[in-house]
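These notes concern the structure reproduced below.
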Amino acid sequence: HVKEYAELCSSFMEREEGANWKEFNFALQQIMQDYTGMNHPRSENLLTCGLKYLNDLEKSALAQIKCKNAHELMRTLESFDLLLVGKLICYTARERRETRGNHKRIDYTFTNPLLNNKFVVIKKGENDDPVLSWREKTLI
Numbered sequence: 006h007v008k009e010y011a012e013l014c015s016s017f018m019e020r021e022e023g024a025n026w027k028e029f030n031f032a033l034q035q036i037m038q039d040y041t042g043m044n045h046p047r048s049e050n051l052l053t054c055g056l057k058y059l060n061d062l063e064k065s066a067l068a069q070i071k072c073k074n075a076h077e078l079m080r081t082l083e084s085f086d087l088l089l090v091g092k093l094i095c096y097t098a099r100e101r102r103e104t105r106g107n108h109k110r111i112d113y114t115f116t117n118p119l120l121n122n123k124f125v126v127i128k129k130g131e132n133d134d135p136v137l138s139w140r141e142k143t144l145i
């Protein structure tokens, strides 16, 4: 994976033209605010659409980002990390089919008492697909 990652970084630096990290980061923030934000209730449809747009943004950014220097490369890589975190938020918020605290769902308006003291766990499965499960809250 290291060689592939180095080649990806080189491709960002070698492009003659393209979008910069700021455009990428702004688009990411907009998707997260519109589809996973805390200012409005979430739903299965919103979270699924948000995940689709994050995947679309990732493909577009991989094909178009141009970095002029090491600083821009670092900020670009940070934006890709934030995009991954955004995807994880979409997957786990979609899995939590209830309203609890600031996680408000319009399609699941009640708190499920069976999920008290439980956390959603997400792991990378085969083919990099997410695998979600639930675990009990522990004190340590």
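Residue numbers (my numbering): 6 to 145. Don't be surprised by glycine CBs; every beta carbon is placed ideally from N, CA and C.
Closest residue to W26 among L13, Y58, L59 and H76 (Cα-Cα distance)
Position 21 of the sequence shown holds residue 26. Closest in C-alpha terms to W26, from the list L13, Y58, L59 and H76, comes H76.
Residue ranges of each beta strand (DSSP E) within the region 68-142, 3 or longer:
Scanning the region 68-142 for uninterrupted beta strand (DSSP E) segments of 3 residues or longer gives 123-129 and 135-141, listed from N- to C-terminal end.
Under 7 Å Cβ to Cβ from Y113, same chain only, skipping five residues before and after it: list those, please.
Position 108 of the sequence shown holds residue 113. Short of 7 Å from the beta carbon of Y113, and not among the five residues preceding or following it, lie these beta carbons of its own chain, in chain order: R102, E103 and T104.
L59 and G91: beta carbons closer than 8 Å?
By 1-based counting over the sequence shown, the position of residue 59 is 54. By 1-based counting over the sequence shown, the position of residue 91 is 86. Contact: yes.
Other residues of its chain near E141: CB distance less than 7 Å, five sequence neighbours each side excluded:
On the sequence shown, position 136 is the one that residue 141 refers to. Answer for E141: N122 and K123, listed in chain order.
Below 8 Å CB to CB, which residues in the same chain sit around I36 once its five sequence neighbours on both sides are set aside?
What you label residue 36 is simply residue 31 of the sequence shown in a count that begins at 1. G55, Y58, L59, L62 and G91.
Do the CB positions of L51 and Y40 come within less than 8 Å of each other?
Taking the first residue of the sequence shown as position 1, residue 51 is located at position 46. Taking the first residue of the sequence shown as position 1, residue 40 is located at position 35. The beta carbons of L51 and Y40 sit closer together than 8 Å.
Is the beta carbon of N117 sitting closer than 8 Å to the one on M43?
Position 112 of the sequence shown, counted from the start, is the residue given in the question as residue 117. Position 38 of the sequence shown, counted from the start, is the residue given in the question as residue 43. It is not a contact, given that the beta carbons lie outside the stated cut-off.
Straight-line CA distance for E21 to M79?
Locating residue 21 in the sequence shown gives position 16, where the first residue counts as 1. Locating residue 79 in the sequence shown gives position 74, where the first residue counts as 1. Using only the alpha carbons, I get a separation of about 18 Å.
Nearest to I127 (by Cα), restricted to the options L144, L119, L120 and Y96:
On the sequence shown, position 122 is the one that residue 127 refers to. The candidate whose alpha carbon is nearest that of I127 is Y96.
Output the distance between the C-alpha atoms of K129 and D86, rounded to the nearest integer angstrom.
Position 124 of the sequence shown, counted from the first residue, corresponds to residue 129. Position 81 of the sequence shown, counted from the first residue, corresponds to residue 86. Going by the C-alpha atoms only, they are around 15 Å apart.
If you follow the alpha helix (DSSP H) that L13 is part of, which residue opens it and which one closes it?
Taking the first residue of the sequence shown as position 1, residue 13 is located at position 8. Per DSSP, the unbroken alpha helix (DSSP H) holding L13 starts and ends at V7 to E19.
Residues bridged to A24 by DSSP?
Indexing the sequence shown from 1 puts residue 24 at position 19. Residue pairing by DSSP places A24 opposite I70 in a beta bridge.
Look at the alpha carbon of E28 and the alpha carbon of L89, and state the distance between them as a whole number of angstroms.
Indexing the sequence shown from 1 puts residue 28 at position 23. Indexing the sequence shown from 1 puts residue 89 at position 84. The straight-line gap from Cα to Cα measures roughly 17 Å.
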